[in-house]
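Below is one structure, written out as structure tokens, with a few remarks after it.
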Amino acid sequence: MPEKSEIKIDKVLDIKGEICPYTFVKSKLALEEMEDGEVLKVIVDYPPATENVPRSLEKEGNDILSVEKTGEKIWEIVVRKKSDNI
Amino acid sequence: MKDLKEDLKTIKEYLKLNSEIVGVRLAKDDIAEGHPKEGQFYCWFVRQSAISGERFNLNEKDFTCPNPELCLGLREPKYVEVELRVKEKYKTVQVGDVENADVLLFMINPRQLMDLSILLGGITASFKGETAVCGEATARCYIEKKPSLTLLCHGARDFSGYKDDEMVLAVPVFMVPDMVKRINELKALGH
């Protein structure tokens, strides 16, 4: 896995203020618009989203690259869209 | 078992409940049969069981909403603690059958909730519109061994078909005989 600083983020989805299920629903919709292998960063402020967003995306075959707390109530989830051919 | 089914019939009639009372059991075993063809939200399976009587055996792969995996003991949280979760490890959630159920779920309207609160001698409720049928109703009732009400969450209302006047009350199975006793007392008094 590349170092965090080496990961190129292709899209940022800021969904602060959203609670489940819209946290993972909006994350899935954002990934659907991206190409295989591209990287999405999801910013959330709802603690359970740090569990349900990665889990939901992982179940669809995407790679969770990191889940990191970046502020008092802010988390960033970095995910690479499933990339079977890469 | 016959007594439980008779008791639930008595409660259904008293409440004028058109839907089925849904049993939920948390099982330690992997159960191979009885899984749905497609994944859904836990609250969808509960509503489907309430309106059709269908029964489901559910494990992690059957849930398209990840919250019940955590709330009902199928998976441990990785990053943050989850407020309402059964901490003991389970492998299958059995939805529908009342036999051997731990918790009974009533899909009700406000009037039926009023009648249930009378039968139960009052309900103390706590809810905030998150992890609703899985956490606020099923998990809390399972953990605290007392009735637990949810006014549902966006997942239930926007994705699982719950109507605006529907809500879910979870009741431990062991409280059923006292509920029936209370119904009989009220009937004897002419109510």
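Protein sequences, first through last, are from chains A and B. Just so you know, we're using my numbering here: the first sequence kicks off at 1 and counts up by one. Just so you know, we're using my numbering here: the second sequence kicks off at 1001 and counts up by one. Ideal placement from N, C-alpha and C gives every residue a C-beta, glycine not left out.
For residue i and residue j, what's the separation of their Cα atoms in angstroms?
{"i": "residue 1147(B)", "j": "residue 1134(B)", "result": "14 angstroms"}
{"i": "residue 1095(B)", "j": "residue 1081(B)", "result": "25 angstroms"}
{"i": "residue 45(A)", "j": "residue 78(A)", "result": "15 angstroms"}
{"i": "residue 80(A)", "j": "residue 7(A)", "result": "10 angstroms"}
DSSP three-state call for residue i: helix, strand or coil?
{"i": "residue 1149(B)", "result": "strand"}
{"i": "residue 1158(B)", "result": "helix"}
{"i": "residue 70(A)", "result": "strand"}
{"i": "residue 1037(B)", "result": "coil"}
{"i": "residue 1064(B)", "result": "coil"}
{"i": "residue 1057(B)", "result": "strand"}
{"i": "residue 1114(B)", "result": "helix"}
{"i": "residue 87(A)", "result": "What is shown of chain A runs 1 to 86, which leaves residue 87(A) out entirely."}
{"i": "residue 1164(B)", "result": "coil"}
{"i": "residue 64(A)", "result": "strand"}
{"i": "residue 1023(B)", "result": "strand"}
{"i": "residue 1032(B)", "result": "coil"}
{"i": "residue 1127(B)", "result": "coil"}
{"i": "residue 53(A)", "result": "helix"}
{"i": "residue 1169(B)", "result": "strand"}
{"i": "residue 1098(B)", "result": "coil"}
{"i": "residue 13(A)", "result": "strand"}
Under 8 angstroms between C-beta atoms, does residue i make it to chain B?
{"i": "residue 80(A)", "result": "no"}
{"i": "residue 76(A)", "result": "no"}
{"i": "residue 52(A)", "result": "yes"}
{"i": "residue 66(A)", "result": "no"}
{"i": "residue 19(A)", "result": "yes"}
{"i": "residue 27(A)", "result": "no"}
{"i": "residue 83(A)", "result": "no"}
If we cut at 8 angstroms on Cβ distances, does residue i have a partner in chain A?
{"i": "residue 1192(B)", "result": "In the structure as shown, chain B starts at 1001 and stops at 1191, and residue 1192(B) therefore has no counterpart that could be examined."}
{"i": "residue 1162(B)", "result": "no"}
{"i": "residue 1110(B)", "result": "no"}
{"i": "residue 1036(B)", "result": "no"}
{"i": "residue 1134(B)", "result": "no"}
{"i": "residue 1068(B)", "result": "no"}
{"i": "residue 1166(B)", "result": "no"}
{"i": "residue 1096(B)", "result": "no"}
{"i": "residue 1147(B)", "result": "no"}
Could you spell out the range, first to last residue, of the alpha helix (DSSP H) harbouring residue i?
{"i": "residue 1047(B)", "result": "1042–1052"}
Can you tell me where the beta strand (DSSP E) holding residue i begins and where it ends?
{"i": "residue 19(A)", "result": "From DSSP, residue 19(A) is part of no beta strand (DSSP E); its letter is neither H nor E."}
**Asked** Counting Cβ pairs, one atom from each stretch, are 3 or more of them under 8 angstroms apart for the region 1172–1187 of chain B and the region 1064–1072 of chain B?
**Response** no
**Prompt:** Are there three or more Cβ pairs, one per stretch, closer than 8 angstroms when the region 1020–1029 of chain B is compared with the region 1047–1057 of chain B?
**Reply:** yes
**Prompt:** Would the region 1113–1130 of chain B and the region 1036–1047 of chain B be scored as touching if the rule is three or more Cβ pairs under 8 angstroms?
**Reply:** no
**Asked** Are there three or more Cβ pairs, one per stretch, closer than 8 angstroms when the region 1010–1018 of chain B is compared with the region 1027–1037 of chain B?
**Response** no
**Validate contact between the region 48–68 of chain A and the region 22–29 of chain A using beta carbons, cut 8 angstroms, 3 pairs** = yes
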